[in-house]
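A.B. asks:
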Amino acid sequence: MKIVDARNNAPQYLKESSSQTAGPYVHIGLAPGAAGFQIFDKELGWDIAGPNAKGERIRVEGVVIDGMGSPVKDVLIEVWQANAEGIYAHSEVPGEVEEGFRGWGRVITDFETGEWGFDTVKPGPVNARRKMQSGVHQRVRETHPDWLGREDETHAPMAPHLNLWIVARGINIGLNTRMYFEDEPEANAADPVLNLIEWENRRATLIAKRSERDGKTVYRFDIRLQGEGETVFFDI
Amino acid sequence: MKPAEYYQRDRRIHPPALTPDYKTSVARSPRYSLISLQGSVSETTGPVFGHNDISPIDNDLIKNYAKTGDPVGERIIVHGRVLDENARPVPNTLVEVWQANAGGRYRHKKDSYLAPIDPNFGGCGRTLTDDNGYYFFRTIKPGAYPWRNWVNNWRPAHIHVSVFGHAFCQRLITQLYFEGDPLIPICPIVHTIPDADAIDRLTAKLDMNAGVPLDSIAYRFDIVLRGRRSTMFENRLEGN
Numbered sequence: 001m002k003i004v005d006a007r008n009n010a011p012q013y014l015k016e017s018s019s020q021t022a023g024p025y026v027h028i029g030l031a032p033g034a035a036g037f038q039i040f041d042k043e044l045g046w047d048i049a050g051p052n053a054k055g056e057r058i059r060v061e062g063v064v065i066d067g068m069g070s071p072v073k074d075v076l077i078e079v080w081q082a083n084a085e086g087i088y089a090h091s092e093v094p095g096e097v098e099e100g101f102r103g104w105g106r107v108i109t110d111f112e113t114g115e116w117g118f119d120t121v122k123p124g125p126v127n128a129r130r131k132m133q134s135g136v137h138q139r140v141r142e143t144h145p146d147w148l149g150r151e152d153e154t155h156a157p158m159a160p161h162l163n164l165w166i167v168a169r170g171i172n173i174g175l176n177t178r179m180y181f182e183d184e185p186e187a188n189a190a191d192p193v194l195n196l197i198e199w200e201n202r203r204a205t206l207i208a209k210r211s212e213r214d215g216k217t218v219y220r221f222d223i224r225l226q227g228e229g230e231t232v233f234f235d236i
Numbered sequence: 001m002k003p004a005e006y007y008q009r010d011r012r013i014h015p016p017a018l019t020p021d022y023k024t025s026v027a028r029s030p031r032y033s034l035i036s037l038q039g040s041v042s043e044t045t046g047p048v049f050g051h052n053d054i055s056p057i058d059n060d061l062i063k064n065y066a067k068t069g070d071p072v073g074e075r076i077i078v079h080g081r082v083l084d085e086n087a088r089p090v091p092n093t094l095v096e097v098w099q100a101n102a103g104g105r106y107r108h109k110k111d112s113y114l115a116p117i118d119p120n121f122g123g124c125g126r127t128l129t130d131d132n133g134y135y136f137f138r139t140i141k142p143g144a145y146p147w148r149n150w151v152n153n154w155r156p157a158h159i160h161v162s163v164f165g166h167a168f169c170q171r172l173i174t175q176l177y178f179e180g181d182p183l184i185p186i187c188p189i190v191h192t193i194p195d196a197d198a199i200d201r202l203t204a205k206l207d208m209n210a211g212v213p214l215d216s217i218a219y220r221f222d223i224v225l226r227g228r229r230s231t232m233f234e235n236r237l238e239g240n
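Residue numbers (the UniProt record's numbering), protein chains in the order written: chain A, 1 to 236; chain B, 1 to 240.
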């Protein structure tokens, strides 16, 4: 009997390049000023929102803590966020952002203290996954709520959040997490991503604490890589 | 274009977080499992860069920090394409690189290795891929250097590579190694990657055809980012 190998018609996929740690000298490439020298006309990632962005100006700061409870002093964090109206600066997103709003930034920690921080605007809520327009999934979901009785939660807006990506020596593949805002309790309670976290007490690891300092709003977000209070990280 | 999902990351070809032979990973690796997240607009979008963000010389590490002359070392060209898992080019994406000099010394205030700094070498560069996903750098081949892991560990010659792609979920930092380097098989960082083929894909291949005779030798290094699903269940085929 001849066996037909359906894979012969399948597209030939490549494999993703494997990750490697950013190592101890990540600053040379991605923040050379911090490494101690000036080379580029413009270092990228220092201005996330730009001067024209609407919304509340905020400062976000924190420290990354390792499994020993020590601050990680050679970390690099990138942030990706929507503007105050919940729009990302990206061609696939309907709507426009303010001139100069990139929504992306990168920061490094202070070499002595491990503290990091950046200034931006508080993002607005963004839409969760789109509802499927047609096809099997849609019909199944309409007539068969999932095992928790939920209908189709894909319409739920996501609570305001920052998407964070953390690399450093000792981190073999960048860690993705999200920062939510303490003063959005209702939106957080309904957030479809926070609700994916089965352990309710772990959700709190993603919520930044709000305070005021010199008339400015500051959110504190400490990231614990390991151990007690370990921050939730995502496979996105 | 409607946002569509990216293929899930195949974590078996990436290093796990905890790799005890690479000692720093022990205290810096999460103990709980990652929470899997189907891509929303937060993950399927990402920053966009343009030629206003960088200078044309930024991809020439032989000239971009030259003070009194050219840096010392083996002049090389590193070139290749940024593709996705569907073998489609990833155009206009930012590629950033950083490396040690020919003696294995980084221009970084935290690097105290006794090999000297090269006054004409900064060790970082960046470029945007063209419409075909193609990129190139000119640089000095980096030297191996020692690091405090086991008593006598030496990193193979390598260039750190950072790539953005089109979406935050494609964000990748990796390292480029050089074909034939005998330090590759004994490096604990290389061997955080559990898959021999995956290590081979991080090894740039000597490319005599792309070199400049009597000037520079060339290495070829293609980078693959995550691919994207066709949106065939959303009433339109956007095609792989």
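Heads up, the beta-carbon is just placed ideally off N, CA and C, and yes, glycines get one too.
Computed from a predicted model, the values in this text were never measured in an experiment.
Could one say the Cβ of A/N188 lies closer than 9 Å to chain B's Cβ atoms, at least one of them?
C.D. replies: What you label residue 188 of chain A is simply residue 188 of the first sequence in a count that begins at 1. No - not a single Cβ of chain B is within 9 Å of the one on A/N188.
A.B. asks: Can you tell which of B/R229, B/R138, B/N153 has its C-alpha closest to the C-alpha of B/I159?
C.D. replies: Residue 159 of chain B sits at position 159 when you count from the first residue of the second sequence. The residue with the shortest Cα to Cα distance from B/I159 is B/R138.
A.B. asks: By alpha-carbon positions, which one of B/E179, B/E96, B/P194 ends up nearest to B/I217?
C.D. replies: For the purposes of this step, residue 217 of chain B is identified with residue 217 of the second sequence, where counting begins at 1. Selected option, being the one with the closest Cα: B/E179.
A.B. asks: Per DSSP, B/D181 forms a beta bridge with which residues?
C.D. replies: Against the second sequence, residue 181 of chain B aligns to sequence position 181. B/D181 is not bridged to any residue.
A.B. asks: B/G46 versus chain A: which residues are under 8 Å apart at the beta carbon?
C.D. replies: Within the second sequence, numbered from 1, the residue matching residue 46 of chain B stands at position 46. Chain A residues near B/G46: W80, H90, W104.
A.B. asks: Find the nearest neighbour of A/R213 within the set A/N201, A/V60, A/R224, judged by alpha-carbon distance.
C.D. replies: To locate residue 213 of chain A, count along the first sequence from 1; it is residue 213. When only C-alpha atoms are compared, the closest one is A/V60.
A.B. asks: How about A/N172 and B/T192: do their beta carbons lie closer than 9 Å?
C.D. replies: Residue mapping note: residue 172 of chain A aligns to position 172 of the first sequence, counting from 1. Residue mapping note: residue 192 of chain B aligns to position 192 of the second sequence, counting from 1. Yes.
A.B. asks: If we ignore side chains and look at the alpha-carbon of each, how far apart do A/A49 and B/P15 end up?
C.D. replies: As a working mapping, residue 49 of chain A is identified with position 49 in the first sequence. As a working mapping, residue 15 of chain B is identified with position 15 in the second sequence. Those two C-alpha atoms are separated by around 34 Å.
A.B. asks: Would a C-beta distance cut-off of 9 Å place B/S29 and A/L225 closer than the cut-off?
C.D. replies: Start at 1 with the first residue of the second sequence, and residue 29 of chain B comes out as number 29. Start at 1 with the first residue of the first sequence, and residue 225 of chain A comes out as number 225. Cβ distance < 9 Å, so B/S29 and A/L225 count as in contact.
A.B. asks: Is it the case that the stretch 125-138 of chain B contacts the stretch 87-101 of chain B, given that we only count it when at least three CB pairs across the two stretches are under 8 Å?
C.D. replies: The stretch 87-101 of chain B vs the stretch 125-138 of chain B: in contact.
A.B. asks: Return no unless some Cβ of chain B is closer than 9 Å to the Cβ of A/E151.
C.D. replies: Locating residue 151 of chain A in the first sequence gives position 151, counting from the first residue. Its pLDDT being 49, under 50, A/E151 is placed unreliably in this model, and the value from its coordinates should be taken loosely. Cβ-Cβ to chain B under 9 Å: no for A/E151.
A.B. asks: Step through the CB atoms of chain B and report whether any lies within less than 9 Å of the CB of A/W165.
C.D. replies: Taking the first residue of the first sequence as position 1, residue 165 of chain A is located at position 165. With 9 Å as the cut-off, A/W165 counts as an interface residue toward chain B.
A.B. asks: Taking only the alpha-carbon atoms, compute the straight-line gap between B/I186 and B/R12 and give it to the nearest angstrom.
C.D. replies: Taking the first residue of the second sequence as 1, we reach residue 186 of chain B at position 186. Taking the first residue of the second sequence as 1, we reach residue 12 of chain B at position 12. If you take the alpha carbons of B/I186 and B/R12, they lie about 20 Å apart.
A.B. asks: Grab me the residues of A/R150's own chain with a C-beta within less than 8 Å of its C-beta, minus the 5 sequence neighbours each way, in chain order.
C.D. replies: Taking the first residue of the first sequence as 1, we reach residue 150 of chain A at position 150. Here A/R150 scores only 47 on pLDDT, less than 50, and its place in the model should not be relied on; the value that follows carries that caveat. Counting only Cβ-Cβ distances below 8 Å, and skipping sequence neighbours, we find nothing.
A.B. asks: Which runs of the alpha helix (DSSP H) spanning at least 4 residues fall entirely within the stretch 126-209 of chain B, listed in chain order?
C.D. replies: Within the stretch 126-209 of chain B, the complete alpha helix (DSSP H) runs of at least 4 residues are 196-201.
A.B. asks: Between the C-alpha atoms of B/S25 and B/V78, what's the straight-line distance to the nearest angstrom?
C.D. replies: Position 25 of the second sequence, counting from 1, holds the residue named residue 25 of chain B. Position 78 of the second sequence, counting from 1, holds the residue named residue 78 of chain B. Their Cα atoms are separated by approximately 29 Å.
A.B. asks: Determine whether the Cβ of A/Y180 lies closer than 9 Å to any Cβ atom of chain B.
C.D. replies: For this step, residue 180 of chain A is matched to residue 180 along the first sequence. Chain B contact via Cβ: absent.
A.B. asks: What span of residues does the alpha helix (DSSP H) with B/T44 cover, start to end?
C.D. replies: Here residue 44 of chain B refers to the residue found at position 44 of the second sequence. Element bounds for B/T44: 41-44.
A.B. asks: Could you check the C-alpha separation between A/T177 and A/Y13 for me, to the nearest Å?
C.D. replies: Counted from its first residue, the first sequence places residue 177 of chain A at position 177. Counted from its first residue, the first sequence places residue 13 of chain A at position 13. Looking at the two C-alpha atoms, the distance is approximately 28 Å.
A.B. asks: Using only the alpha-carbon positions, how far apart do A/L194 and A/A187 sit?
C.D. replies: Stepping through the first sequence from its first residue, residue 194 of chain A is reached at position 194. Stepping through the first sequence from its first residue, residue 187 of chain A is reached at position 187. Between A/L194 and A/A187, the C-alpha separation is close to 10 Å.
A.B. asks: Looking at A/R169 and A/P24, is the spacing between their C-beta atoms short of 9 Å?
C.D. replies: Looking up residue 24 of chain A in the first sequence gives position 24. Looking up residue 169 of chain A in the first sequence gives position 169. Yes, the Cβ-Cβ distance between A/P24 and A/R169 is below 9 Å.
A.B. asks: Using three-state DSSP, classify B/V82 as helix, strand or coil.
C.D. replies: For this step, residue 82 of chain B is matched to residue 82 along the second sequence. Looking at B/V82 - three-state DSSP - the assignment turns out to be strand.
A.B. asks: Give the interface partners of B/A196 over in chain A, defined as CB-CB distance under 7 Å, in chain order.
C.D. replies: Counting from 1 along the second sequence, the entry for residue 196 of chain B is found at position 196. Those do not exist, as B/A196 stays about 11 Å from chain A at its closest Cβ, beyond 7 Å.
A.B. asks: Which chain A residues sit within Cβ distance under 8 Å of B/V224?
C.D. replies: For the purposes of this step, residue 224 of chain B is taken as the residue at position 224 of the second sequence. Correct list: L14, K15, E16, S17.
A.B. asks: Closer than 8 Å between beta carbons: that is the criterion. Which residues of the stretch 26-53 of chain A meet it against chain B?
C.D. replies: Those would be V26, H27, I28, G29, L30, P32, A35, G36, F37, I39, F40, D41, K42, L44, in chain order.
A.B. asks: Can you give, in chain order, each stretch of the beta strand (DSSP E) that sits fully within the UniProt domain "Intradiol ring-cleavage dioxygenases" (60-88) of chain A and has at least 3 residues?
C.D. replies: If we require 3 residues or more, the beta strand (DSSP E) runs fully inside the UniProt domain "Intradiol ring-cleavage dioxygenases" (60-88) of chain A come out as 76-80.
A.B. asks: What residues are listed by DSSP as bridge partners for A/S211?
C.D. replies: Translated into positions along the first sequence, residue 211 of chain A becomes position 211. Paired residues: A/V218.
A.B. asks: Is any beta-carbon of chain A found at less than 9 Å from that of residue 271 of chain B?
C.D. replies: Coverage of chain B is limited to positions 1 through 240, which leaves residue 271 of chain B absent and any answer about it impossible.
A.B. asks: If you reduce the DSSP assignment to three classes, tell me which class B/L18 lands in.
C.D. replies: Position 18 of the second sequence holds residue 18 of chain B. Here B/L18 sits in coil by DSSP.
A.B. asks: Under three-state DSSP, which class holds A/H137?
C.D. replies: For the purposes of this step, residue 137 of chain A is taken as the residue at position 137 of the first sequence. A caution first: A/H137 carries a pLDDT of 45, below 50, which makes its placement in the model too unreliable to give a value.
A.B. asks: Quick one: grab the DSSP three-state call for A/H144.
C.D. replies: Numbered from its first residue, the first sequence carries residue 144 of chain A at position 144. Caution applies to A/H144, whose pLDDT of 43 falls short of 50 and renders its modelled position unreliable; the value that the coordinates give is listed next. In the structure shown, A/H144 sits in coil (DSSP, three-state: anything other than H, G, I, E or B).
A.B. asks: For B/Q38 and B/D215, what's the separation of their Cα atoms in angstroms?
C.D. replies: The residue labelled residue 38 of chain B in the question sits at position 38 within the second sequence. The residue labelled residue 215 of chain B in the question sits at position 215 within the second sequence. In a straight line, the C-alpha of B/Q38 is about 49 Å away from that of B/D215.
A.B. asks: Could you tell me which chain B residues have their CB closer than 8 Å to the CB of A/N195, listed as they occur along the chain?
C.D. replies: What you label residue 195 of chain A is simply residue 195 of the first sequence in a count that begins at 1. Chain B residues near A/N195: none, gap ~11 Å exceeds 8 Å.
A.B. asks: Between A/P160 and A/G124, how many whole angstroms is the CB-CB distance? I'm expecting something under 8 Å.
C.D. replies: For the purposes of this step, residue 160 of chain A is taken as the residue at position 160 of the first sequence. For the purposes of this step, residue 124 of chain A is taken as the residue at position 124 of the first sequence. Correct: roughly 6 Å between the Cβ atoms.
A.B. asks: Within 10 angstroms of its Cβ, does B/H108 collect 16 or more other Cβ (buried), or is it exposed?
C.D. replies: Taking the second sequence and counting its residues from 1, one reaches residue 108 of chain B at position 108. Buried is the call here.
A.B. asks: Report the residues of the stretch 152-171 of chain B with a CB closer than 7 Å to any CB of chain A, ordered along the chain.
C.D. replies: Within the stretch 152-171 of chain B, the residues whose Cβ lies closer than 7 Å to some Cβ of chain A are H160, S162, F168, C169, R171, listed in chain order.
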